[in-house]
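Have a look at the structure below before the remarks.
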Amino acid sequence: MSKPLKQIHLAAHFPGVNNTTVWSDPRAGSHIEFSSFVRFAQTAERAKFDFLFLAEGLRLREQGGSIYDLDVVGRPDTFTVLAALAAVTDRLGLTGTINSTFNEPYEVARQFASLDHLSGGRAAWNVVTSWDAFTGENFRRGGFLPQGERYSRAREFLATANELFDSWHGDEIIADRAAGAFLRDAEAGAFVHQGQHFDIHGRFNVPRSPQGRPVVFQAGDSDEGREFAAADADAIFSRYSGLEEGRAFYTDVKSRLARYGRRHDQLLILPAATFVLGDTDTEARELAHEVRRQQVSGATALKHLEFVWNRDLSAYDPDGPLPEIDPDVSEEHIARGRAQVRMYRDPLATARAWRELAAAHHWSIRDLVIETGNRQAFVGTPDTVARTIDDFVQSDASDGFILVPHITPGGLDEFADKVVPLLQERGVFRTEYEGTTLRDHLGLAHPDDARDERAAS
Amino acid sequence: MSPTPSAPLHLAVALDGTGWHPASWREPVSRPGDLFTAGYWADLVAEAERGLLDLVTVEDGLGPQSSHLLDPDERTDQVRGRLDAVLIAARVAPLTRHIGLVPTVVATHTEPFHISKAIATLDHVSSGRAGLRVQISARPNEAAHFGRRVVPRIDAYDSPAAQEVLTDLFDEAADHVEVVRRLWDSWEDDAEIRDVATGRFIDRDKLHYIDFQGRFFSVRGPSITPRPPQGQPIVSALAHRTVPYRLVARQADLGYVIPHDAGQARAIVAEVRAEQQAAGRAEEFLHLFGDLVVFLDDDPAEAAARRDRLDTLAGQPYISDARIFTGTPAQLADLLEDLRAGGLTGFRLRPAVLGHDLPAITRGLVPELQRRGVFRHAYEADTLRGLLGLPRPAHRYTTATA
Ligand SMILES: Cc1cc2nc3c(=O)[nH]c(=O)nc-3n(C[C@H](O)[C@H](O)[C@H](O)COP(=O)(O)O)c2cc1C
Numbered sequence: 001m002s003k004p005l006k007q008i009h010l011a012a013h014f015p016g017v018n019n020t021t022v023w024s025d026p027r028a029g030s031h032i033e034f035s036s037f038v039r040f041a042q043t044a045e046r047a048k049f050d051f052l053f054l055a056e057g058l059r060l061r062e063q064g065g066s067i068y069d070l071d072v073v074g075r076p077d078t079f080t081v082l083a084a085l086a087a088v089t090d091r092l093g094l095t096g097t098i099n100s101t102f103n104e105p106y107e108v109a110r111q112f113a114s115l116d117h118l119s120g121g122r123a124a125w126n127v128v129t130s131w132d133a134f135t136g137e138n139f140r141r142g143g144f145l146p147q148g149e150r151y152s153r154a155r156e157f158l159a160t161a162n163e164l165f166d167s168w169h170g171d172e173i174i175a176d177r178a179a180g181a182f183l184r185d186a187e188a189g190a191f192v193h194q195g196q197h198f199d200i201h202g203r204f205n206v207p208r209s210p211q212g213r214p215v216v217f218q219a220g221d222s223d224e225g226r227e228f229a230a231a232d233a234d235a236i237f238s239r240y241s242g243l244e245e246g247r248a249f250y251t252d253v254k255s256r257l258a259r260y261g262r263r264h265d266q267l268l269i270l271p272a273a274t275f276v277l278g279d280t281d282t283e284a285r286e287l288a289h290e291v292r293r294q295q296v297s298g299a300t301a302l303k304h305l306e307f308v309w310n311r312d313l314s315a316y317d318p319d320g321p322l323p324e325i326d327p328d329v330s331e332e333h334i335a336r337g338r339a340q341v342r343m344y345r346d347p348l349a350t351a352r353a354w355r356e357l358a359a360a361h362h363w364s365i366r367d368l369v370i371e372t373g374n375r376q377a378f379v380g381t382p383d384t385v386a387r388t389i390d391d392f393v394q395s396d397a398s399d400g401f402i403l404v405p406h407i408t409p410g411g412l413d414e415f416a417d418k419v420v421p422l423l424q425e426r427g428v429f430r431t432e433y434e435g436t437t438l439r440d441h442l443g444l445a446h447p448d449d450a451r452d453e454r455a456a457s
Numbered sequence: 001m002s003p004t005p006s007a008p009l010h011l012a013v014a015l016d017g018t019g020w021h022p023a024s025w026r027e028p029v030s031r032p033g034d035l036f037t038a039g040y041w042a043d044l045v046a047e048a049e050r051g052l053l054d055l056v057t058v059e060d061g062l063g064p065q066s067s068h069l070l071d072p073d074e075r076t077d078q079v080r081g082r083l084d085a086v087l088i089a090a091r092v093a094p095l096t097r098h099i100g101l102v103p104t105v106v107a108t109h110t111e112p113f114h115i116s117k118a119i120a121t122l123d124h125v126s127s128g129r130a131g132l133r134v135q136i137s138a139r140p141n142e143a144a145h146f147g148r149r150v151v152p153r154i155d156a157y158d159s160p161a162a163q164e165v166l167t168d169l170f171d172e173a174a175d176h177v178e179v180v181r182r183l184w185d186s187w188e189d190d191a192e193i194r195d196v197a198t199g200r201f202i203d204r205d206k207l208h209y210i211d212f213q214g215r216f217f218s219v220r221g222p223s224i225t226p227r228p229p230q231g232q233p234i235v236s237a238l239a240h241r242t243v244p245y246r247l248v249a250r251q252a253d254l255g256y257v258i259p260h261d262a263g264q265a266r267a268i269v270a271e272v273r274a275e276q277q278a279a280g281r282a283e284e285f286l287h288l289f290g291d292l293v294v295f296l297d298d299d300p301a302e303a304a305a306r307r308d309r310l311d312t313l314a315g316q317p318y319i320s321d322a323r324i325f326t327g328t329p330a331q332l333a334d335l336l337e338d339l340r341a342g343g344l345t346g347f348r349l350r351p352a353v354l355g356h357d358l359p360a361i362t363r364g365l366v367p368e369l370q371r372r373g374v375f376r377h378a379y380e381a382d383t384l385r386g387l388l389g390l391p392r393p394a395h396r397y398t399t400a401t402a
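In order, the protein sequence lines correspond to chains A and B. Quick note: the first sequence uses full-length UniProt numbering, first residue 1, plus one each step. Quick note: the second sequence uses full-length UniProt numbering, first residue 1, plus one each step.
Structure follows, in structure tokens:
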């Protein structure tokens with residue numbers, strides 16, 4: 001007997017601040033106005049997607065000492081926009097990236113519990129640690145935590161938030177008018193947490209929400225990040241959308257689960273992925289190339305090269321050869337507030353490899369950035385793309401994808417109209433929502449059931 | 001600045017749980033089992049909007065409600081637990097069109113950077129109807145929920161030690177609001193240029209570091225969220241005495257005060273206006289609303305009996321910082337006109353039982369005020385600033401480039 005087909009999970013990442021957004025396209029709308037979010041979310045819900053995803057950055061990115069002006073700049077507050085979206089959608093999950101370094105557990109737990117109540121059980125939290133003191137300058141706590149400590153704070157932050165969520169069991173509110181008893185239990189919400197990062201006690205003031213706890217995502221890639229995910233997350237938002245690297249990541253992370261007494265299916269792997277569709281595969285490839293050229297202007301190419309060189313390269317010609325000088329490997333980096341900085345761990349080796357590649361292919365700086373940068377994960381006809389996504393999921397390169405269209409807010413429409421029906425025909429994607437909560441969509445147990453299960457075993 | 005005599009009267013309603021009387025949840029009209037659902041709040045705000053009210057405030061706190069001023073209690077006979085007020089406001093924003101949405105935020109334990117972008121976003125999702133009500137927390141138990149600081153215990157409210165603690169908390173709140181306001185202005189309105197020729201999405205010269213350095217914290221900026229539609233959403237605060245009056249005078253567009261009669265109203269208004277002058281804001285329009293708890297019925301005896309009945313259920317008479325009114329809509333209209341003569345520009349009513357007294361306001365009091373020619377017959381503006389007759393403020397950071 002063949003293995004039953006895995007069901008694919010699909011989500012939509014609102015294309016705001018990132019280097020995939022093609023804001024210069026005439027079809028590109030506002031990434032701030034609420035109508036854009038409504039349109040985007042309603043398309044995702046019409047396509048029966050699992051959830052909508054928002055990233056977060058708490059300081060505007062800078063490079064060479066000035067605010068980075070070549071990509072979309074600016075985004076709304078995560079909780080506020082998700083709560084408003086709960087009013088214009090019915091089933092779509094609402095996933096917000098909220099970092100654990102510049103927030104406090106009592107406040108964040110209240111916000112997620114409130115969002116879960118106000119959305120009828122559709123909240124999810126992508127726990128990130130953010131990166132630097134640069135961001136800290138916007139916050140009272142200031143400062144920065146070294147890598148190891150950021151994850152130790154993240155783990156304790158999440159554990160503390162879980163203690164707060166669990167401080168109500170769900171049966172405390174009886175609202176018995178005749179008896180005059182609103183609460184069954186005077187201690188509802190009582191908690192005490194004492195740890196390295198948080199020493200807090202008192203009473204949590206939001207009753208247990210429909211999902212018990214929000215769904216938890218993790219998005220870091222380091223060893224500490226992967227351990228954190230294996231121990232405590234329901235899903236990972238990863239960057240590996242390629243087949244081989246996807247499989248390697250999948251195997252690595254899932255193999256860590258046993259250590260924490262968790263099953264293979266208790267952690268979903270959902271990489272970010274872009275897509276370009278065409279009537280033929282050739283047309284799609286041409287279109288993808290065009291999109292890449294829109295994403296990577298000459299100025300953008302130079303800025304991208306600066307991540308590796310860590311020097312001002314504005315004097316270089318983006319249509320000319322790569323710089324002959326070596327990267328500056330000093331501690332201080334020219335780019336601040338963005339994730340890519342950490343991607344190139346050995347800049348000297350990267351520079352050498354890129355020079356060789358460029359020489360071999362006669363690539364200019366811009367060609368090189370286009371060819372080596374974030375590639376579109378899925379390019380082809382709707383049929384090709386549906387088949388490829390299905391193959392990736394069935395061969396355990398992922399459990400689904402978080403799609404990042406390059407146009408706001410209409411960039412999802414074509415996928416919803418053309419690819420989703422093909423996945424449904426293949427029997428790998430839902431045609432109707434079966435449940436009402438995000439846990440239902442993702443096939444995750446309710447935390448109370450998990451608790452009962454553990455108690456029974 | 002003082003209002004003109006012909007100015008219309010403004011009306012707000014303060015939403016809290018099932019109403020302001022602690023036994024209100026036991027009334028048959030109340031929906032205590034729905035308090036933690038979106039539908040409950042959507043229905044209340046829709047009712048307030050049907051009554052053409054200027055705004056609703058949503059109460060909040062970073063700990064459970066309590067019958068003590070500064071300490072938690074162990075009671076089970078009153079509503080305990082509440083949802084985050086900013087999220088409630090955001091959740092109802094797309095379901096309403098005109099009414100202002102003013103959630104409570106606690107300056108003592110929250111980050112001004114987070115608050116600024118949250119209220120800016122509330123303004124974006126409501127197309128210009130956002131405000132905030134800033135509050136301090138002097139509760140040691142709430143400080144223990146955060147563990148970042150110890151709020152000294154206040155014993156006698158009027159002791160010099162207590163005044164020192166409160167002055168610090170309000171000064172910090174003033175800095176909090178200053179940061180929030182600067183962040184709202186940290187993007188000029190036309191900062192987004194989408195200049196395809198140069199590949200620039202924004203003109204970074206139109207974004208500004210706020211570089212706030214204060215006694216309690218410093219914040220660099222700019223905001224991550226573009227300037228909100230109103231430019232500056234409405235900042236409001238409840239104030240009972242000189243120290244909080246100073247916060248209102250320095251930083252607010254709208255203050256809620258608690259006069260018990262017209263004489264007191266006059267005295268409070270004079271004191272706040274003097275503080276406003278001292279703060280160098282004499283020329284700025286500052287609304288002062290009187291807060292009142294209301295039991296409204298067509299028969300005054302009924303309203304009084306309802307209050308007695310609820311007090312009996314609660315086991316003690318209900319007391320409040322604000323004057324408690326029982327009576328008919330016409331009597332309340334008389335009282336509002338009388339208090340207003342003291343220089344108030346509007347009122348924030350606290351319904352004793354939301355399920356009863358909110359519709360009594362929208363369907364009884366409002367038509368009465370309309371008959372008297374002192375309240376609007378239709379919404380005349382799309383933004384909260386517009387409803388309050390406030391202009392959209394100019395941007396505080398000017399670009400030096402010609
Ligand atoms: C795919 C992906 C998406 C991320 N998105 C965000 C984000 O939206 N906001 C944020 O502050 N950090 C984001 N991060 C950063 C991580 O949360 C983490 O702080 C960072 O990668 C450093 O941790 P690491 O060393 O484990 O990778 C993202 C990371 C990855 C891999």
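Where is the CB? At the ideal position from N, CA and C, for every residue including glycine.
Would DSSP call residue i helix, strand or coil?
| i | result |
| --- | --- |
| residue 421 of chain A | helix |
| residue 401 of chain B | Low confidence applies to residue 401 of chain B: its pLDDT is 47, below 50, so where it sits in the model is not reliable, and the reading given next is rough at best. The answer is coil: DSSP assigns residue 401 of chain B none of H, G, I, E or B. |
| residue 4 of chain B | Here the model assigns residue 4 of chain B a pLDDT of 49, short of 50, so the residue's position is not dependable, and the following value carries that caveat. The answer is coil: DSSP assigns residue 4 of chain B none of H, G, I, E or B. |
| residue 348 of chain B | strand |
| residue 162 of chain A | helix |
| residue 405 of chain B | The requested residue 405 of chain B does not occur in the structure, where chain B is confined to residues 1 to 402. |
| residue 58 of chain B | strand |
| residue 398 of chain A | coil |
| residue 328 of chain B | coil |
| residue 152 of chain A | helix |
| residue 112 of chain A | helix |
| residue 88 of chain B | helix |
| residue 314 of chain B | helix |
For residue i, verify whether its CB is less than 7 Å away from any heavy atom of ligand 1.
| i | result |
| --- | --- |
| residue 99 of chain A | yes |
| residue 56 of chain A | yes |
| residue 239 of chain A | yes |
| residue 131 of chain A | yes |
| residue 330 of chain A | no |
| residue 324 of chain A | no |
| residue 234 of chain A | no |
| residue 188 of chain A | no |
Look at residue i and residue j and say whether their C-beta atoms are less than 8 Å apart.
| i | j | result |
| --- | --- | --- |
| residue 296 of chain B | residue 18 of chain B | no |
| residue 241 of chain A | residue 273 of chain A | yes |
| residue 210 of chain A | residue 319 of chain A | no |
| residue 86 of chain A | residue 91 of chain B | yes |
| residue 57 of chain B | residue 230 of chain B | no |
Three or more C-beta pairs below 8 Å linking the region 322–333 of chain A and the region 271–284 of chain A: Three or more Cβ pairs closer than 8 Å define a contact, and the region 322–333 of chain A falls short of that threshold against the region 271–284 of chain A.
Unbroken stretches of the alpha helix (DSSP H), 4 residues or longer, contained in the region 101–153 of chain B: 112–125 and 140–146
3-residue-minimum beta strand (DSSP E) runs that sit fully inside the region 165–234 of chain A, ordered along the chain: 173–176, 181–183, 190–194, 199–203 and 215–218
At least 3 beta-carbon pairs within less than 8 Å: the region 359–366 of chain B vs the region 33–53 of chain B: yes
Contiguous beta strand (DSSP E) assignments of at least 3 residues, all confined to the region 34–109 of chain A: 51–54 and 93–99
Complete alpha helix (DSSP H) runs within the region 157–220 of chain B (minimum length 4 residues, chain order): Counting only unbroken stretches of 4 or more residues, the alpha helix (DSSP H) elements lying wholly within the region 157–220 of chain B are 160–184, in sequence order.
Sufficient close CB pairs (3 or more, under 8 Å) joining the region 410–428 of chain A to the region 42–52 of chain A: yes
Contact between the region 126–146 of chain B and the region 193–204 of chain B (3+ Cβ pairs under 8 Å): no
Sequence ranges, alpha helix (DSSP H) only - wholly within the region 280–310 of chain A, length at least 4: Correct list: 281–295 and 298–309.
Cβ contact check for the region 255–270 of chain A and the region 150–165 of chain B: 3 or more pairs under 8 Å: no
contact_flag[the region 134–153 of chain A, the region 220–239 of chain A] where n(CB pairs < 8 Å) is 3 or more: Using a C-beta cut-off of 8 Å, the region 134–153 of chain A makes contact with the region 220–239 of chain A, since at least three inter-stretch Cβ pairs fall below that distance.
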